[in-house]
Amino acid sequence: MIVQSYLVYLAITLTVTIWVAHTLHRNGRVFLLDAFHGNDALADSVNHLLVVGFYLVNVGYVALVLRTDQRPVDLVGAIEIFSHKIGIVLLVLGVMHFINLKIFSAMRHRAQRVLPPPPVQSNERTAVA
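Okay, so the sequence shown: first residue is 1419 according to our numbering, each after it adds one.
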């Protein structure tokens, strides 16, 4: 029964991880395009790197949480053990989602800041000895 529980756990957590990553990738592109002033190549590159990092962290966490010392004796016990594990993974995915939103928002905010011109325009050159 434990092997079937592991397989159900992996199927649910990996499906949700892929869905969240796809959603972040698709909708995060809009923020990044704005943050990078319409530079498609840069926005897509950063978006892809963020999604890869998201996968690495979350799939790594799913793998770490997979192991259990508890052995369910019946279906109810298996559901209780793995619903707890799935709940923890979903909470981590939620936190990662909000961290990604914070990153997107910070990048967009930083890109929208207007820097004032330098106080003095230099018209002369200084000779270097």
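Glycine included, every Cβ here is placed at the ideal spot set by N, Cα and C. On a predicted model such as this, the values are computed, not experimentally measured, just so you know.
- The Cβ atoms of A1453 and R1526 lie closer than 7 Å to each other.
- Per DSSP, the unbroken alpha helix (DSSP H) holding V1426 starts and ends at 1420–1453.
- Rounded to the nearest whole angstrom, the C-alpha separation of F1472 and V1494 is 32 Å.
- Relative to L1482, the option among R1489, I1497, K1503, L1468 whose CA is nearest is K1503.
- Per the coordinates, the alpha-carbon of G1478 lies some 36 Å from the alpha-carbon of R1531.
- About 16 Å separates the CB atoms of A1524 and H1455; that is not less than 8 Å, and the two are not in contact.
- Secondary structure of G1456 (DSSP, three-state): coil.
- In the three-state reduction of the DSSP assignment, R1528 falls in the helix class, which pools H, G and I.
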